[in-house]
Amino acid sequence: EFDLCLILEGPDNVRAASALIATAAGGAISKIQTTVLMTAEEGLEAIKGAGSVEYRPPGS
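Per the numbering used here, the very first residue in the sequence shown carries number 11; after that it's consecutive.
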């Protein structure tokens with residue numbers, strides 16, 4: 011399904027994405043999927059922040 015599997019640690023997500031875009035632009039790979047990993051602290055911050063997100067499922 012994928013042309014490449016890469017675990018990358020970089021200074022920030024923007025620079026990591028830039029490296030992936032440059033790689034894809036060369037035409038050697040055709041499909042990219044990224045998953046950003048978070049620290050436990052970042053995960054807890056995201057959970058706390060979810061309470062302030064105004065989301066309603068479609069049809070509600």
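Virtual Cβ for every residue (Gly too), placed ideally from N, Cα, C.
{"query": "Reduced DSSP secondary structure (H/G/I, E/B, other) of R66", "result": "coil"}
{"query": "Beta carbon of L30 nearer than 8 Å to that of I17", "result": "no"}
{"query": "Nearest-angstrom Cα separation, counted from A32 out to G61", "result": "37 Å"}
{"query": "Separation of A34 from T44, as counted between CA atoms", "result": "13 Å"}
{"query": "Straight-line Cα distance separating E19 from V63", "result": "29 Å"}
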